[in-house]
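Colleague: Starting off with a structure, shown below.
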Amino acid sequence: MTRLLVRSFSISIDGYGAGPRQDLENPLGVGGPAMFDWFFHTRTWQQMHAEAGGEAAGETGVDDAMAAQGFEGIGAWILGRNMFGPVRGPWPDDSWKGWWGEEPPYHVPVFVLTHHARAPLAMKGGTEFRFVTGGILAALDQARAAAGGRDVRLGGGVSTIRQYLGAGLIDEMHLVISPVLLGSGEHLLHGLDLPALGYEYAEHVPGSRAAAHVFLRKRA
Ligand SMILES: NC(=O)c1ccc[n+]([C@@H]2O[C@H](COP(=O)([O-])OP(=O)(O)OC[C@H]3O[C@@H](n4cnc5c(N)ncnc54)[C@H](OP(=O)(O)O)[C@@H]3O)[C@@H](O)[C@H]2O)c1
264 MTRLLVRSFS ISIDGYGAGP RQDLENPLGV GGPAMFDWFF HTRTWQQMHA EAGGEAAGET
324 GVDDAMAAQG FEGIGAWILG RNMFGPVRGP WPDDSWKGWW GEEPPYHVPV FVLTHHARAP
384 LAMKGGTEFR FVTGGILAAL DQARAAAGGR DVRLGGGVST IRQYLGAGLI DEMHLVISPV
444 LLGSGEHLLH GLDLPALGYE YAEHVPGSRA AAHVFLRKRA
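Heads up, the sequence shown is in our numbering, so the first residue is 264 and it goes up one at a time.
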């Protein structure tokens, strides 16, 4: 049974999943990278950014195991258009191909929610960005079909996760609560009554650094 999973989604202590004023220089919003201190040091992240054929450095341990787990058994991803890039409104052309270079770290179909239609974009290494204008249910149907029995990972950003949470469609959510205060930005859980939506706390794992890994699950 294909599950819809959030993995390694970082939030600040005050609950933000992105800093304010995202743009080309600030993909995670202003101040947002501080939420990812736990991730930037992992071998998993370093491998994603190593030169082809180069040896990856980076720490192993709990944080790395958590980061690596997020890529296991995933047959398709769903992203919001702002996680895909800083371009807003109708696509001026097809030049924006994501933040991740020629070979993005997905290696499976990635369904990008947007109100602005665009042709699919095949990248090196098996990633294909497919733009979905039919809303969250259409994206989930298409991702499930593409996943071939594996799970679907909901990458973010904040607005996208909030919509799937509000509809009670996420099976499991791994949040990484980072020891930083952002003060403003995109708030993940404001106004969402998670217990009423069927979610419960499942597990907590202390990270290798100061972040805490927390798992929420949908009640059976
Ligand atoms: N903390 C983390 O671990 C983490 C992980 C991933 C991303 N992020 C960050 O989160 C931020 C992005 O989050 P965000 O909340 O600004 O945006 P987002 O969820 O990435 O994307 C929102 C946009 O996607 C499109 N969209 C969303 N739902 C749709 C629907 N139902 N139908 C059609 N289009 C829909 C709309 O774009 P259009 O109307 O313009 O087409 C909307 O403005 C970025 O800074 C990113 O780096 C953080």
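C-beta atoms are modelled at their ideal positions from N, C-alpha and C, and glycine is treated no differently. Keep in mind it's a predicted model, so treat the numbers as computed, not measured.
At what residues does the alpha helix (DSSP H) containing Tyr462 begin and finish?
Modeller: Residue mapping note: residue 462 aligns to position 199 of the sequence shown, counting from 1. Per DSSP, Tyr462 belongs to no alpha helix (DSSP H); it is in the beta strand (DSSP E), 462-469.
Colleague: Can the beta-carbon of Leu267 be found closer than 8 Å to that of Tyr464?
Modeller: Start at 1 with the first residue of the sequence shown, and residue 267 comes out as number 4. Start at 1 with the first residue of the sequence shown, and residue 464 comes out as number 201. Cβ atoms of Leu267 and Tyr464: not closer than 8 Å.
Colleague: Let me check one thing: in DSSP terms, what residues is Asp385 bridge-paired to?
Modeller: Taking the sequence shown and counting its residues from 1, the one referred to as residue 385 is at position 122. Looking at the sequence shown, residue 385 is not Asp but Ala. DSSP, once it has assigned bridges, lists Glu391 as partnering Ala385.
Colleague: Closest to Glu366 by C-alpha separation, out of Val375, Ala380, Met386, Leu376, would be which residue?
Modeller: Position 103 of the sequence shown holds residue 366. Among Val375, Ala380, Met386, Leu376, the Cα nearest to that of Glu366 belongs to Met386.
Colleague: Going by alpha carbons, who is nearest to Pro442 out of Thr265, Phe302, Arg284?
Modeller: Numbered from 1 along the sequence shown, position 179 holds the residue referred to as residue 442. Ranking the options by Cα distance to Pro442, first place goes to Phe302.
Colleague: Are the segment 420-438 and the segment 349-369 in contact at 8 Å, needing three or more beta carbon pairs?
Modeller: no
Colleague: Can you grab the Cα-Cα spacing for the pair Phe254 / Leu291, in whole Å?
Modeller: Here the chain comprises residues numbered 264 to 483, so residue 254 is not present and cannot be evaluated.
Colleague: Taking Cβ to Cβ, would you say Phe272 is nearer than 8 Å to Leu438?
Modeller: Mapped onto the sequence shown, residue 272 falls at position 9. Mapped onto the sequence shown, residue 438 falls at position 175. Yes. Within cutoff.
Colleague: Apply the 10 Å Cβ neighbour rule to Ile341 and answer buried if 16 or more other Cβ atoms are within range, or exposed otherwise.
Modeller: Here residue 341 corresponds to residue number 78 of the sequence shown, with the count starting at 1. The residue is buried, with at least 16 neighbouring Cβ atoms inside 10 Å.
Colleague: At a cut-off of 7 Å, is Pro290 close to ligand 1 when judged by its beta-carbon and the heavy atoms of the ligand?
Modeller: Residue numbering aside, residue 290 sits at position 27 when the sequence shown is read from its first letter. At least one heavy atom of ligand 1 is nearer than 7 Å to the Cβ of Pro290, so yes.
Colleague: Spatial neighbours of Arg306 within its chain, please: C-beta separation below 7 Å, excluding the five flanking residues on both sides.
Modeller: As a first step, residue 306 must be located in the sequence shown, where it is residue number 43. The residues are Ala319, Gly321, Glu322, Thr323, Asp327.
Colleague: Kindly examine ligand 1 and report whether one of its heavy atoms sits closer than 7 Å to the Cβ of Arg351.
Modeller: The residue given as residue 351 occupies position 88 in the sequence shown. Yes, ligand 1 has a heavy atom inside 7 Å of this Cβ.
Colleague: Run the CB neighbour count on Gly411, radius 10 Å, all protein chains shown included, and call it buried at 16 or more, exposed below.
Modeller: Position 148 of the sequence shown, counted from the start, is the residue given in the question as residue 411. Its Cβ having fewer than 16 others within 10 Å, Gly411 is exposed.
Colleague: Starting from Ser422, trace the alpha helix (DSSP H) in both directions and tell me its first and last residue.
Modeller: Within the sequence shown, residue 422 is the residue found at index 159, counting from 1. Where Ser422 is concerned, the enclosing alpha helix (DSSP H) stretches over 421-429.
Colleague: Classify Ile274: buried if its beta carbon has 16 or more other beta carbons within 10 angstroms, exposed otherwise.
Modeller: Locating residue 274 in the sequence shown gives position 11, where the first residue counts as 1. Within a 10 Å sphere around the beta-carbon of Ile274 sit 16 or more other beta-carbons, which makes this residue buried.
Colleague: Comparing the CB of Val477 with every heavy atom of ligand 1, is any distance shorter than 7 Å?
Modeller: Along the sequence shown, one-based indexing puts residue 477 at 214. Result no, Cβ not under 7 Å from ligand 1.
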